[in-house]
Structure formats: structure tokens, C-alpha cells
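Inspection log for the structure reproduced underneath, given as C-alpha cells.
Chains as they are written, first to last, in my numbering: chain A, 1 to 385; chain B, 1001 to 1385.
Right under this line is the structure:
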């Protein structure tokens, strides 16, 4: 994608420009601390209608950001991370919807986070940035909605950690969300999920270049640790089946070398993914995102009863899971569906046959696209859009 | 276990003393190099009968060693790693069998490996120790058998990487093995298995204290990397179910602390396991063991046809798998069983209901013990023992 002509493709949102919004209203956080002021960076695609009734919010996952669709410049090699779903004629159809995508607090792509200068010290927040929760994010997203004049989202949408934000929206602001689209998520992490996050965190924190999180001052980054964390993450994003299909036991040079350099294709793939990630992501942000995942457990405030946690929701739900996802397996999505049904809530559930693993939620799998499309047509129809 | 009286328990092999055997006959290795001389450390339990027909060989897994049963001193807090199965009245009954357990080449518990002084340099082999394969191990074990006067093992037995050695024995020395007991193994690693090993290796090799494997000379060990490797390993040894039952989302202090110290019990468990391992295991050995796993693929010499690889075997097999094992799932064991059946080999298969994960093979699960016991009674009966 280097030609301007490509940007003019009928189904692309084309060139987009992120906006930064400054909030000077202090934000109280779950950890007990308060952010006196903060920035949120976001993008929008499509136009808000006069009734302000066609806005949908996209919530991003662990390593995502506000750049969900289109291109920042004609030189971009890749579009935003969910370009397959956002654009004219795509499921989140920008001819009907005003799509909003925001980088969460604690992020490293423009919203206030560890890499931001802390006004109190004149240095980057680094490890002093407060641990933020899914609930905190939703609170900050609600303020963005206020600013945009969106009283009620036509839909709030997200996969993985993004799906957890959707659930939280439906609980915390039931009147502000008409439809909820929860994809490849879970109502809380399992011990195994937490264990993988913990190994990733230890990899980062034990890297001598981490300097207790103050690596910016040392002009280094915990490259080795962040790379390991990402490699490990990738194993959990792909299914065993997909890895078999993609790499099998293929040897890079066709033979064993009896050494510790890359031999199997899968090793090459993981090292590449790890190295690329280090160039684009901040280690302190990665730590925060994994903690937000670990802490997410909306039922914990309701005697560990998810049905009770969801008792007040009024949104219509679509819950989507993928058969090959072992990070958040379909059984985890079904827990959400069951809890919603317990309360006679409006919920549909789609289990998509896909061997792509957890990452399937980012891919244009035909059956998945059809399901999203059908749901969003309903969102549009019910909203008279 | 600190009281001498406990050592006298009727079902323990009691105090044992390892023996070291020096081989000066050069050993050719799969990598093309040759070990001019080497030591093997081993233990034996029970007595070799006059006909030398009651010997069984125990092959250890990734982090195992020759100390499979009994105690080295009255102060030992724990017995050998498979004490649940080896002893008078236990499945590998030392009243009938002469049980042999050897630390594999490349190990760090007394057999020649990276921590051994390389006679050519006067320094530890370190990273210059050759990458050894399952086939190499079996070749060295055959020489140990020669020394012990064992022409044919009544049985060769092992779990996980140990089970792979059993398979290799049955292929390379069909006349020297009457029964083969392959537990929680696989005919080769999957791409996902290799991926986990690769992350573990990268954790070790990227630790600044690794010094390209020459850390002995720097008087340090790659503690952080080895700890990460072990933490990651542990996730794959336990099932998601067992982790849920054992740790759930239990918080160590009963509440979230909004910090990066240990919060969830599962984090505490993993860090403890990681730290303990660093004190007892060598990082270069860990690297070698993971490579032996990655390389194991006996079918590769037979056009990737496992049935063809097993065509010459004559041993009677028992293959055991555990339902909760996702590292080497029952489907992997069934590949072995199917290939044996293709060649009309004598094979029994037991799939044990167990939620303990891969580590189940080390645990005294009643149904599993019964299966081992029944098989070993048959081994004894057929051998007139």
C-alpha cells in the first residue's frame, strides 16, 4: 500500500488524522489515585448524524490502539488494525455509522501513559503511572462520549480485552449503550491466563535494561524482556492447528544444524514478531495492559455471581467466539451468554468455526464477517439509521 | 522425611548410592562429532538375577536425572523423582526387577555434560558440548547395558522425553527390549511445542549473565532466564483445570494491591518453582534437553511414515496418556498406537482420566498405578520372574 490510488479504494476510510483531547477534570481511578489531567487520542470514521444516534465505539485489545482503520499517510504499508471491518460496505459501515476508536489510558500511542511527561516531576511517568482497570477505561471513554455529544452509543464493540470493556460499559452505563458486541472475550481470566501474563511480566521486569521501569532515563528499553513477552503472547494467540498448518516442523534450511540459531520456521516467525513489537510498543504499557486483564472480574463486586453483575444491563448483545481459540475458548464466551440468559437479557451467540486461534477476531473470516454484518444491520435498523 | 525410620518403610528402596561409569570408547554422535570419553552416572534398585533377564531401564524426562527412587542420605527431604513407582510392592517392583536409572549425556547431575571439564581445554564444556539427540542417549544407554551384562531389557520405561527414548530403543535395538512402556509422550513435537521451547531458550540465551554459554568462567548463572524458562515450562505441565482447582483467582493477600508484586497465588507458585529450579539445574543442560525434544522425529528417516519407522520393532508396548495433558495430548499417544497397530505390533493403550496435566505421569494416580502394575506383572510373568 504505497499508492495514493489505493487509498481511494471504495471500501477504505482513506486517510485519517488522529485527534487529541485534553481533559482537565480529574479522573478518579480504581486504585485510589486520581489523574489530575490527561489526554486521549482517538480517531473517527464516518459522520455523526444530527440525532447523534449513529455512534459506535471500538475498544482495543492488549497491543491495539486508536488507529483502527484507514491510513495516516500515503506511505503507510498497512492500514489500521481492524480495517477489515471498518469502512464503507464493511460490517462497521461508515456510510451509516460514526465510528470512534480511542487509545486507552496507560497506552503508548498518544493517550496519557507511562511514556507521557508527568507534570509533577517533569519526567516520564514510567512505573509511577497508576495501574488502570477496564472500569477506569470505560469511565474515561464515557467522558470522551460526553465531549463528542454522544449520549448513547448505538453499539460498543471489542475483541479480547476490548470485549471486556464492552461488558463493563453494559454494566456501568446501561443507559448509554444500545448494543454490545463482545468478541473472543472472557468474563475473567483463568489461572492459566494469569500465569502466562505473569511470565511475560517477569520477562520484562527481570531484564536488566528495565531499571525498575525507569529505562527512559537510561536511554535504553528492556528489549529482550519485551521480545520474550511478545513471543509468548503469540503462542497463545495462535491455535496449535494453525501453527501446524503454517509452520509444521519445517526447517528453515531444510536440515538440522545442531546449533542454537533459528532452525525451525516457527522459531523464525516468533523471533521476527518479538523484534518487530519492541520497535512499536512500550514495556511499561505492556505491563499495565496485562494487569488490566488480570484484574478484570466484574462479578467480583456481586458475590462472584456474573448474572447478578449483569442484572442491570439493557443492551442487546452479540457474543462471538472462535472454535480454535484456546486463550479465551468458546466455553468462556458461553459463561457470558449463560449469565445474560439467566437475566432474560437479549443475547445472540455465534461460535465461528476457525482454526486461527485467538487472533481470529482480527481476521476477515467470511462466516464471521457475515455474522457481524447481520448484527450491525440490525443495529442500524433499530436505530433508524 | 528426616527420620531414618522412614527410610525403613517397607515400600522404599531406602538409601541408594549412585555409581559413575567411565567410558573410554569414543561415542559417535548424530551431530557428526564424537565424544572421546565420557561418564555416565546411574543408580540401580533391586538385584540382577542370574539369568540377567530382570533388568528394566528407566529413562528420564527434561529435568529429571538418575536419582529416580530412594534417598541419598537420611537428611533428604524428598526421595527420587519416581519413588511412587519404584520399590518393593510398587509397579516397578524391586523384589522382581533390577531397575536401572541413568542421567543422560549432556545432563548436569554427574554424567558428562556442559558443566564437565572438557579435557581438551581444561575448562567446562559449556556451550561447546555437542547437541545430543534421543538416539545418542539410547546408544550410550546400550553401552551401559553392555557393561551391566544386560543383553536384553525386560522393559524400557519412560514418560515424556523419557517415553521418546523408549520408542527409540524399540526402533534401534529391537532385540534388546522385550517390553516398551511409553507414557505421556509424542512421536515428535508440534510447532506449538517447539515454540514454547524456543521462548524458553531465548529467555536463557538473552540473559546478559548467559555470556554465550560461558557463564561458569564469569562465576554467574543466567538466573533470570532459567527461571523464566521453568515458569513457562510449568504452565505447560499443568492443565488449565488443575490450575483452576489449585489456584483459581485466589489473591495472596485477599485483595488487589495495584502493584507488580505477587498478587495471585498462581504467580507466587510460578516464581517459587522458577527460583527453586535455578538452584538445581544447569542452563546449558536445559538448552540441550529442549533441543533433544525438538529434534526427536524417528519417522523423518522413514519418509515421515511412523508406521515404517516402527516396522522392525518386536517389543510389546503399553502406551499411556492422560486426558488433561495438553503438552502431549492423548491424540499424540494415539498416533504412536495407530502406527504400531498398522504393523500388527503388540500394543495396549490406556487413557487415564486425570486433570493433573502433563505432570500426571509422575503422580500416584490410582487408576494409572493399576495399569502400570498390571503391565509389569505381565512383564514379570512372561519373563518367568
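In this text, a Cβ means the ideal position worked out from N, Cα and C, and glycines have one as well.
Limits of the unbroken beta strand (DSSP E) element including residue i
{"i": "residue 1131(B)", "result": "First-last for residue 1131(B): undefined, no H or E at that position."}
{"i": "residue 281(A)", "result": "Segment: none, residue 281(A) is in no beta strand (DSSP E) and carries neither H nor E."}
{"i": "residue 1322(B)", "result": "1316–1322"}
{"i": "residue 55(A)", "result": "55–59"}
{"i": "residue 1249(B)", "result": "Element bounds for residue 1249(B): n/a, residue is neither H nor E."}
{"i": "residue 1350(B)", "result": "1347–1352"}
{"i": "residue 23(A)", "result": "19–23"}
{"i": "residue 263(A)", "result": "Looking at the DSSP string, residue 263(A) is not in any beta strand (DSSP E), and its letter there is neither H nor E."}
{"i": "residue 1044(B)", "result": "1038–1045"}
beta-carbon residue i near the ligand GDP non-hydrogen atom, thresh 8 Å
{"i": "residue 124(A)", "result": "Absent from the structure shown: the ligand GDP. Ligands present: none."}
Among the options, the one whose alpha carbon lies nearest that of residue i
{"i": "residue 204(A)", "options": "70(A), 24(A), 285(A)", "result": "285(A)"}
{"i": "residue 1077(B)", "options": "1120(B), 1111(B), 1015(B)", "result": "1015(B)"}
{"i": "residue 24(A)", "options": "12(A), 37(A), 13(A), 30(A)", "result": "37(A)"}
{"i": "residue 139(A)", "options": "159(A), 211(A), 168(A)", "result": "168(A)"}
{"i": "residue 171(A)", "options": "20(A), 308(A), 355(A), 12(A)", "result": "308(A)"}
{"i": "residue 26(A)", "options": "300(A), 82(A), 121(A), 136(A)", "result": "136(A)"}
{"i": "residue 161(A)", "options": "291(A), 376(A), 75(A), 93(A)", "result": "291(A)"}
{"i": "residue 1314(B)", "options": "1109(B), 1046(B), 1156(B)", "result": "1156(B)"}
{"i": "residue 80(A)", "options": "58(A), 382(A), 245(A), 97(A)", "result": "58(A)"}
{"i": "residue 129(A)", "options": "1259(B), 1091(B), 1022(B), 1348(B)", "result": "1259(B)"}
{"i": "residue 1316(B)", "options": "1189(B), 1013(B), 1153(B), 1046(B)", "result": "1153(B)"}
{"i": "residue 1010(B)", "options": "1165(B), 1359(B), 1095(B), 1125(B)", "result": "1095(B)"}
{"i": "residue 348(A)", "options": "366(A), 225(A), 372(A)", "result": "372(A)"}
{"i": "residue 1357(B)", "options": "1092(B), 1238(B), 1301(B), 1182(B)", "result": "1238(B)"}
{"i": "residue 207(A)", "options": "1271(B), 1264(B), 1225(B), 1361(B)", "result": "1225(B)"}
{"i": "residue 21(A)", "options": "30(A), 145(A), 131(A)", "result": "145(A)"}
N- and C-terminal bounds of the alpha helix (DSSP H) containing residue i
{"i": "residue 1012(B)", "result": "Unbroken run through residue 1012(B): none, as it is neither H nor E."}
{"i": "residue 381(A)", "result": "366–382"}
{"i": "residue 1335(B)", "result": "1330–1342"}
{"i": "residue 1309(B)", "result": "1306–1309"}
{"i": "residue 1245(B)", "result": "1240–1246"}
Per-residue burial, residue i [other beta carbons within 10 Å of its own, 16 or more giving buried]
{"i": "residue 2(A)", "result": "Model confidence at residue 2(A) stands at a pLDDT of 49, short of 50, so the residue's coordinates are unreliable; what they give is reported in the following sentence. Result: exposed."}
{"i": "residue 87(A)", "result": "buried"}
{"i": "residue 303(A)", "result": "exposed"}
{"i": "residue 1147(B)", "result": "exposed"}
{"i": "residue 1186(B)", "result": "buried"}
{"i": "residue 1034(B)", "result": "exposed"}
{"i": "residue 1073(B)", "result": "exposed"}
{"i": "residue 17(A)", "result": "exposed"}
{"i": "residue 1116(B)", "result": "buried"}
{"i": "residue 1344(B)", "result": "exposed"}
{"i": "residue 217(A)", "result": "exposed"}
{"i": "residue 220(A)", "result": "exposed"}
{"i": "residue 213(A)", "result": "buried"}
{"i": "residue 202(A)", "result": "buried"}
{"i": "residue 971(B)", "result": "Chain B is shown from 1001 up to 1385; residue 971(B) falls before or after that span and cannot be answered."}
{"i": "residue 1255(B)", "result": "exposed"}
{"i": "residue 1123(B)", "result": "exposed"}
Chain-ordered chain B contacts of residue i [CB-CB under 9 Å]
{"i": "residue 341(A)", "result": "Those do not exist, as residue 341(A) stays about 23 Å from chain B at its closest Cβ, beyond 9 Å."}
{"i": "residue 205(A)", "result": "1260"}
{"i": "residue 244(A)", "result": "1190, 1191, 1192"}
Closer than 7 Å at the beta carbon, the chain B residues around residue i
{"i": "residue 79(A)", "result": "Here the premise fails: no neighbours, minimum Cβ distance about 28 Å."}
{"i": "residue 210(A)", "result": "Chain B residues near residue 210(A): none, gap ~10 Å exceeds 7 Å."}
{"i": "residue 247(A)", "result": "1191"}
{"i": "residue 148(A)", "result": "In chain order: nothing, as chain B lies at least about 30 Å away."}
{"i": "residue 295(A)", "result": "1256"}
Listed by chain order, chain A residues near residue i by CB distance under 8 Å
{"i": "residue 1199(B)", "result": "228, 231, 232, 235, 270"}
7 Å Cβ cut-off: residues of chain A touching residue i
{"i": "residue 1202(B)", "result": "228, 231"}
{"i": "residue 1031(B)", "result": "258"}
Under 9 Å from the C-beta of residue i: neighbouring residues of chain A
{"i": "residue 1027(B)", "result": "Within 9 Å Cβ-Cβ: nothing; residue 1027(B) doesn't reach chain A, min ~15 Å."}
Within chain B, the residues that residue i reaches when beta carbons sit closer than 8 Å
{"i": "residue 267(A)", "result": "1194, 1195, 1198"}
{"i": "residue 240(A)", "result": "1190, 1191, 1192"}
Inset, instruction - Quick one: which unbroken alpha helix (DSSP H) runs of 4-plus residues sit fully inside the segment 1148–1228 of chain B? Chain order, please. - result: Within the segment 1148–1228 of chain B, the complete alpha helix (DSSP H) segments of 4 residues or longer fall at 1161–1172, 1191–1205, listed in chain order.
Legend entry - Any beta strand (DSSP E) of 3 or more consecutive residues that is wholly inside the segment 1068–1102 of chain B: Those beta strand (DSSP E) runs which fall completely within the segment 1068–1102 of chain B and span 3+ residues are 1098–1102.
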